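The sequence shown begins at 1 in full-length UniProt numbering and counts up one residue at a time. A virtual CB, placed ideally from N, CA and C, is assigned to each residue, including glycine. Fair warning: this is a prediction, and the values are worked out from it, not measured in the lab. Structure, as structure tokens:
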Amino acid sequence: MSSSADGTDTMRNDDIEAEQAYLSGLYGRLDQLREQAAERLRAILLEAAGTPQGRSHREATRSHWAEQVAQMNAVENGLCFGRLDFAADNPRYIGRLGLFAENRDRDPLLIDWRAPAARPFYLATAVSPEGVTRRRHLRTRGRELTGIDDEVLDLNAGGPDGREDVTGEAALLSALNAGRTGRMRDIVETIQAEQDEVIRSGLAGVMVVQGGPGTGKTAVALHRAAYLLYTHRAQLTKQGVLILGPNATFLRYISQVLPSLAETGVLLATLGDMFPGVTARASESPAAAALKGRLAMLDVLARAVADRQTVPDDHVEVDHEGYPLRIERSVCEDARAAARRSGRPHNVARQMFVTEAIHALSLQIAERIGADPLGGDNLLEEADLAETRRELREDEDVQRALFELWPVLTPRQVLRDLLSDADRLESAAPELSADERGLLLRDRSARWTPADVPLLDELAELLGVDDTLKARAAALERRQAIEYAEGVLEIVEGSRSLDFEDQEEEILSAIDVVDASAFVERHEVIDTRTAAERAAADRTWVFGHVIVDEAQELSPMAWRLLMRRCPSRSMTVVGDVAQTGELAGTTTWDQVFEPYVGQRWRIAELTVNYRTPAEVMAVAADVLAAVDPSLQPPRSVRESGCVPWATRVPADRLAEELIAAVRREAATVTDGRVGVLVPSALEESLGGALTGAVPGAAVGEQPDLRNHIVLMTVRQAKGLEFDSVLVVQPDEIIAESPRGLSDLYVAVTRATRRLGVLHTAELPKVLDALA
């Protein structure tokens, strides 16, 4: 039975009024708890905490109450969305947050959707009701109840009235048929059984979520993040959760989902964001990106670093206090060999190289000034040699010479030098062909690309960081701070009134209650950043869980980066190997995970298509069969009633016909979004024509998806959805890449209602269904 609050159904008004009254009571309790949390936050901000321990406790308390306020603000819309009735238990109301009455002995007012007690809301069916007699979906706008949808699960009471493979069908179809907004909505009200199984799976190990277009992979991954944060709050709040998406447009598209589920402490990033200090957004040829993604680059990078550890052809002469010294080639070779044998990263091993070279130079000096004129043993003692070595280390000429032989390097410096110098590249990559090296070679001023980031990360591992100088600088800074504090306290002591000297009663001063060291400690800065903020700035951060969307697109080098970020291998990997477009991407999950976890990973397949209507999937099925005949398309749960179409137009009128088609589609889906998917070669020309003719159309590297009309390439559209999709020149989309059929499959499955194709040449055979 379905009902709404507009009086057009059979639901009794008193039922509507009762639910509205309960909903209002929930919001009243939410307001009360929010005000209490806000008051405690205000109080803690006014507290003074002088000691480091006190400041640390104060900051932890502040963070706790700030998070509470943020969570309660986030669930303002859609606070309560369901109710479960039982034959032998009290009703349970299900929502985005758990709420209790002041008297905790009573049943919860509202059960968090992630709690075990809420699970029957997603799993109960008429065949397996789990004690549920009725499931009620509450539709709301703000704090107002706008409708009720009931499912009777008690077969003896005349149910069921819905489909057996879909729970909450009325609510689900309502959500699916609603117009897109340019931002992904959460699916907390309509999670289906196969999705729930994935969401509530355990934290440990690698879980692969394989699913075709429209199966809700991304939504499931985001809700899984919310669930894991709920069940492992302490661990994951401290370590953080990383969600890696394919591009910045996609991250903006999904950015509101977790906040709407009262979770904000998650780092959303692209591969191009994973090296602190670098934002890699530049584009390059697919072939160059694929080459950088190969594991063969490991040897190339190692040799590029080794090439910077040089020895002179004969010797290097340096001046030390007016005396010439020779750094012989043999000395450099021995020092380099010793440093390399240590197995330490380049910058760390440099200390060993320097030590060996300095030792050899000190012996030269000893031979010159410490030799016994009578031919006996050297007259210098070990203390003299140690002082000599110290002086050599501080000699700028010596430092400069040794730096030339074994420099301190940064990942950006090494990679920029390597990719802009043909000779360096040939030396480091002899196994690559001249054409392959040509793909990698670029101008030194070129911007970083996403494929560069795993190389930078690998170089950071090869180079390491010599913390010796950093530790010395920190110690010096602390000594200077203590000296400054001592001066301040002396001034305070010296400024005491001379009148106090005649008083018998002792009066305490600052110097009586705090020394300089404690004074410095009290003014040390506490790091108040969240785990996500600290993780974004720290390349070596280890995450408690990593979620990867569009995972099939990642290269082997990118996977090495991610595995370093998650040594526990607690990962949720979401993708569809049929949609792999990147040349460095994968077509089998075994290929990805065997090097890291062997066969110790599990897979969950999503088989039901909630987004793409059956009419569109019939077209997509032919494309999928051409990609891989062994793959089966997901089964659509609904039909749109709109037949996909294709129109051939003259080549010189393509832009004009596209503008006309866009206007028609925009007028049809007035409450939704129109996506125009074009080959990369036509993005600029067609984008310019469209934005010139249709005000408000978005185009570019990072278009705003909230615009009514958006033109983009297929690669940009990965993971997105539009009410109406226009695919332009499908033959060119196929021809652009060796995996062009996968790109076309992505393009035709972005639509939630309508699909149209514009072409100037014959339609590809895989689209014969549109002919």
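With H, G and I counted as helix, E and B as strand and the rest as coil, what does DSSP make of residue i?
i, result
"D161", "Here the model assigns D161 a pLDDT of 46, short of 50, so the residue's position is not dependable, and the following value carries that caveat. Note: D161 maps to coil in three-state DSSP."
"I187", "coil"
"V348", "helix"
"S742", "helix"
"residue 773", "Within the shown structure, residues of the chain are numbered from 1 to 771, placing residue 773 beyond reach of any answer."
"D467", "helix"
"F100", "coil"
"H708", "coil"
"V75", "coil"
"L767", "helix"
"A698", "strand"
"L758", "strand"
"L361", "helix"
"residue 776", "This structure cannot settle anything about residue 776, because the visible part of the chain is limited to 1 through 771."
"W65", "helix"
"V354", "helix"
"Q235", "helix"
"D196", "helix"
"N247", "coil"
"Q729", "coil"
"P567", "coil"
"R529", "coil"
"G168", "coil"
"E17", "helix"
"T446", "Correcting the residue identity first, residue 446 is Ala in this sequence and not Thr. In the structure shown, A446 sits in coil (DSSP, three-state: anything other than H, G, I, E or B)."
"G205", "coil"
"S4", "Legend: pLDDT at S4 = 45, less than 50; position of this residue unreliable, value from coordinates given subsequently. It is a strand residue."
"residue 773", "Only positions 1 to 771 of the chain appear in this structure, which leaves residue 773 out of reach."
"A178", "coil"
"residue 781", "Absent from the model: residue 781. The displayed extent of the chain is 1 to 771, so no value can be given."
"S24", "helix"
"G581", "coil"
So who's on the other strand from residue i, going by DSSP bridges?
i, result
"C80", "G95"
"L140", "The amino acid at residue 140 is misidentified as Leu; the sequence shows Thr. In the DSSP output, where bridge partners are listed per residue, T140 has L145."
"R326", "E317"
"Q210", "G575, E605"
"H545", "V241"
"D150", "R136"
"Q674", "Residue 674 is actually Val in this sequence, not Gln. Answer by DSSP bridge pairing, in chain order: I709, S724."
"I111", "I94"
"D85", "R134"
Just to check my reading of the structure: residue i and residue j have Cβ atoms closer than 8 Å, yes? What is that Cβ distance to the nearest angstrom?
i, j, result
"L770", "P644", "6 Å"
"D723", "T691", "The Cβ separation is near 20 Å, so there is no contact."
"T760", "R648", "7 Å"
"G240", "A532", "5 Å"
"R424", "A304", "7 Å"
"H137", "G98", "At roughly 19 Å, the Cβ-Cβ gap does not stay under 8 Å, so H137 and G98 are not in contact."
"L298", "E458", "7 Å"
"R602", "G205", "7 Å"
"L705", "Y22", "Contact flag wrong, Cβ pair sits at about 36 Å."
"D576", "Q591", "Not confirmed; about 15 Å, so no contact."
"V257", "M184", "5 Å"
Hey, would you say the C-beta of residue i is under 6 Å away from at least one heavy atom of the ligand GTP?
i, result
"E477", "This structure simply doesn't include the ligand GTP, nor any ligand for that matter."
In chain order, each alpha helix (DSSP H) run of at least 4 residues that lies wholly inside the stretch 585-649: Those alpha helix (DSSP H) runs which fall completely within the stretch 585-649 and span 4+ residues are 589-597, 614-627.
Contact the stretch 348-367 vs the stretch 385-405: 3+ CB pairs below 8 Å: Touching, yes.
The stretch 268-279 / the stretch 235-249 touching (three or more Cβ pairs under 8 Å): Pairwise C-beta distances place the stretch 268-279 in contact with the stretch 235-249, as three or more of them are shorter than 8 Å.
Given 8 Å, three or more beta-carbon pairs between the stretch 732-745 and the stretch 216-232: Judged by Cβ distances under 8 Å, the stretch 732-745 makes no contact with the stretch 216-232, as fewer than three pairs qualify.
Inside the stretch 251-319 only - beta strand (DSSP E) runs reaching at least 3 residues: You should have 266-270.
At least 3 beta-carbon pairs within less than 8 Å: the stretch 553-560 vs the stretch 454-469: Flag = yes, the stretch 553-560 and the stretch 454-469 touch.
Stretch-stretch touch, CB-based, cutoff 8 Å, three pairs: the stretch 716-730 with the stretch 668-688: The stretch 716-730 vs the stretch 668-688: in contact.
The stretch 441-452 in contact with the stretch 289-297 per 3-pair CB rule at 8 Å: A contact between stretches requires three or more CB pairs, one per stretch, nearer than 8 Å, and the stretch 441-452 meets this requirement with the stretch 289-297.
The stretch 581-594 / the stretch 322-338 touching (three or more Cβ pairs under 8 Å): By the C-beta criterion, the stretch 581-594 is judged not to be in contact with the stretch 322-338, since fewer than 3 inter-stretch pairs fall below 8 Å.
Validate contact between the stretch 590-606 and the stretch 185-200 using beta carbons, cut 8 Å, 3 pairs: Touching, yes.
At least three beta-carbon pairs within less than 8 Å, the stretch 75-91 to the stretch 54-63: Cβ pair count under 8 Å is below three, so no.
Given 8 Å, three or more beta-carbon pairs between the stretch 85-100 and the stretch 23-40: With a cut-off of 8 Å, the stretch 23-40 and the stretch 85-100 count as touching, because enough Cβ pairs lie within range.
contact_flag[the stretch 617-634, the stretch 219-233] where n(CB pairs < 8 Å) is 3 or more: Touching, no.
Touch test, the stretch 537-550 against the stretch 563-571, Cβ-Cβ under 8 Å, three pairs minimum: Below 8 Å, enough C-beta pairs join the stretch 537-550 and the stretch 563-571 to call them touching: three or more.
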